[in-house]
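Asks:
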DNA sequence: ATGCCGTGGAAACCACGA
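Numbering (the numbering used here), first residue to last: 17 to 272.
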């Protein structure tokens with residue numbers, strides 16, 4: 017079973033690329049972030065034509081998350097992160113797919129630092145960690161995936177010294193990620209490739225992709241029952257080189 | 001040292017992203 021995550025940066029503007037990637041790589045489950053579309057403008061019909069059913073939580077202009085699956089039973093569990101009824105951003109959706117729980121998230125960017133957006137990022141992170149505590153200890157296999165907007169270590173940034181005061185790499189952000197991991201999650205990419213330089217995002221400008229000036233910010237966290245079933249993990253790096261690509265590349269895991 | 005690019009929505013620019 018192949019589960020993928022892809023920050024599409026606009027699901028309608030990205031539709032040709034998204035459909036091409038789905039058709040080419042055929043993931044059983046695809047978690048999408050940054051739909052940038054209201055609920056009624058999600059391109060459900062085009063996705064259905066490729067054999068995928070979908071649940072999604074849209075929002076006008078910003079954010080938005082979706083879970084797609086090809087031929088597997090899917091039951092939505094929640095579409096908001098608990099803990100703040102006043103937070104209206106569409107940044108989380110969770111479903112049970114074929115006996116596996118999948119949490120798909122789009123963690124706030126948090127820039128500029130310092131400021132209200134950074135504080136919101138840390139608050140959202142805290143809510144995620146509180147919810148994750150209930151998921152990690154389940155006997156059901158759980159995967160928490162999506163755009164975490166965190167580079168966990170210096171290995172995950174092309175020039176760490178330039179990012180020390182960026183919201184994605186600030187010590188508070190990395191500490192929050194470590195606190196989450198301490199619950200017992202496994203970072204799938206790092207489990208299989210502990211020392212390799214692997215990126216999932218490259219800026220649009222200054223030929224960042226060509227220079228491999230990237231970041232690793234899209235992650236797969238696995239609870240213990242899921243970690244036991246991990247077989248492969250990789251980045252569909254070439255997709256970032258396509259015409260009209262997102263600034264993120266898809267990431268995927270293969271589980272038994 | 002920096003939104004230099006890209007998307008969406010509104011309005012011929014702005015907010016936002018990482």
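We put the beta carbon where it would ideally sit given N, CA and C, even for glycine.
List the endpoints of the continuous alpha helix (DSSP H) containing residue 119.
Replies: Per DSSP, residue 119 belongs to no alpha helix (DSSP H); it is in the beta strand (DSSP E), 116–122.
Asks: Quick one: is residue 123 buried, meaning 16 or more other Cβ sit within 10 Å of its Cβ, or exposed?
Replies: That one is buried.
Asks: May I ask you to verify whether the segment 23–38 touches the segment 241–250, counting CB pairs closer than 8 Å and requiring at least 3?
Replies: With the cut-off at 8 Å, the segment 23–38 and the segment 241–250 do not touch.
Asks: Within the continuous alpha helix (DSSP H) that includes residue 242, where are the two ends?
Replies: Residue 242 -> alpha helix (DSSP H) spans 240–243.
Asks: Give the straight-line distance between the Cα atoms of residue 163 and residue 217, rounded to the nearest whole angstrom.
Replies: Using only the alpha carbons, I get a separation of about 10 Å.
Asks: Please classify residue 217: does DSSP put it in a helix, a strand, or coil?
Replies: Three-state DSSP puts residue 217 in a strand.
Asks: With C-beta atoms as the reference, is residue 193 less than 8 Å away from residue 159?
Replies: In this structure, residue 159 does not lie closer than 8 Å to residue 193 by Cβ.
Asks: Would you mind working out which of 129, 235, 203, 214 sits nearest residue 228, comparing C-alpha positions?
Replies: Here the closest residue by C-alpha is 214.
Asks: State the DSSP-derived secondary structure class of residue 138, mapped to helix, strand or coil.
Replies: In this structure, residue 138 counts as helix in the three-state DSSP scheme.
Asks: Spell out a yes or no on whether the segment 57–68 and the segment 91–102 are touching, meaning 3 or more CB-CB pairs, one atom from each, closer than 8 Å.
Replies: These segments do not touch.
Asks: What would DSSP say about residue 207, mapped onto helix, strand or coil?
Replies: In the structure shown, residue 207 sits in a helix (DSSP, three-state: H, G or I).
Asks: Excluding the five sequence neighbours on either side, which residues of its own chain have a C-beta within less than 6 Å of the C-beta of residue 157, listed in chain order?
Replies: These residues qualify, in order along the chain: 116, 241, 242.
Asks: Enumerate in chain order the residues of its own chain whose CB-to-CB distance from residue 128 is below 8 Å, with the five nearest sequence positions on each side excluded.
Replies: Within the same chain, residue 128 has close Cβ partners 134, 183.
Asks: In whole angstroms, what separates the C-alpha of residue 258 from that of residue 30?
Replies: Using only the alpha carbons, I get a separation of about 11 Å.
Asks: Using a 10 Å radius around the Cβ and a threshold of 16 neighbouring Cβ atoms, would you call residue 110 buried or exposed?
Replies: Residue 110 should be labelled buried.
Asks: Roughly how many angstroms lie between the CA atoms of residue 27 and residue 33, to the nearest whole one?
Replies: Using only the alpha carbons, I get a separation of about 9 Å.
Asks: Following the continuous alpha helix (DSSP H) through residue 233, name the residue where it begins and the one where it ends.
Replies: No alpha helix (DSSP H) contains residue 233, which DSSP labels as neither H nor E.
Asks: Can the beta-carbon of residue 75 be found closer than 8 Å to that of residue 54?
Replies: Yes, they are a contact pair.
Asks: Do you know offhand how far residue 79's Cα is from residue 130's?
Replies: Cα to Cα, the separation comes out at about 22 Å.
Asks: Using CA atoms only, rank isn't needed, just tell me which of 77, 89, 72 is closest to residue 83.
Replies: If we check each option's Cα against that of residue 83, 72 comes out closest.
Asks: Spatial neighbours of residue 225 within its chain, please: CB distance less than 7 Å, with the 5 preceding and 5 following residues excluded, ordered by chain position.
Replies: Excluding sequence neighbours, residue 225 sits near 218, 256, 257.
Asks: From residue 103 to residue 141, what does the alpha carbon distance come to, in whole angstroms?
Replies: For residue 103 and residue 141, the distance between alpha carbons rounds to 13 Å.
Asks: Quick one: using the 10 Å Cβ neighbour count with 16 as the cut-off for buried, is residue 149 buried or exposed?
Replies: Residue 149 is exposed by the Cβ-count criterion.
Asks: What separation, rounded to the nearest whole angstrom, lies between the Cα atoms of residue 21 and residue 268?
Replies: Roughly 6 Å separates the two Cα atoms.
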